[in-house]
Structure formats: C-alpha cells, structure tokens
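What follows is a set of notes on a single structure, which appears directly below.
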Amino acid sequence: PALRDRGIHILDKGRTQYFALYGKTGHLVTAERIDREQLCERVQQCVLRCELIVEGEM
Numbered sequence: 387p388a389l390r391d392r393g394i395h396i397l398d399k400g401r402t403q404y405f406a407l408y409g410k411t412g413h414l415v416t417a418e419r420i421d422r423e424q425l426c427e428r429v430q431q432c433v434l435r436c437e438l439i440v441e442g443e444m
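In terms of this note's numbering, the sequence shown has 391 at position 5, counting the first letter as 1, and numbering is strictly consecutive.
Written as structure tokens, this is what we have:
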C-alpha cells in the first residue's frame, strides 16, 4: 500500500508539534521554525525526540 493510505502518526512529547509528515513522499520535516535557545536554553546538547507509528503491512 502507498504511504498515504496507511495510518501514520507522529508522536511528539510535549504540547508543540515540531514535525510534520508529507503523506505522498514520506518526508519528515519541521512543522515550524525551531528556536534552539528558547527550547533548550542553557543545555549544551539539544535533542528533540519523536516517535513515528505506521499502521498496516509493510
């Protein structure tokens, strides 16, 4: 099945949805500009984690 025909969900921790998925191509992109200083403040290593769930057969 085509990628757009599957149930695909991006799970971000927190309230802000930082990532988006183009259903036709499968490209994972940033949903909006991410301000590192605002997000991580004084932390030297800034990491954003998310989970991608794909339903259906591969």
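Where is the CB? At the ideal position from N, CA and C, for every residue including glycine. Note that the structure is a prediction, hence the values are computed from the model and not measured.
In its own chain, which residues sit with a C-beta less than 7 Å from the C-beta of L425, not counting the 5 before and 5 after it? Excluding sequence neighbours, L425 sits near C432.
In terms of alpha-carbon separation, which member of V429, I439, F405, E437 lies closest to T416? Closest option to T416, Cα to Cα, is F405.
Range of the contiguous beta strand (DSSP E) that encloses E437: Under the DSSP assignment, E437 falls in the beta strand (DSSP E) whose first and last residues are 436-440.
Just the Cα atoms here: how many angstroms apart are L438 and E418? Roughly 18 Å separates the two Cα atoms.
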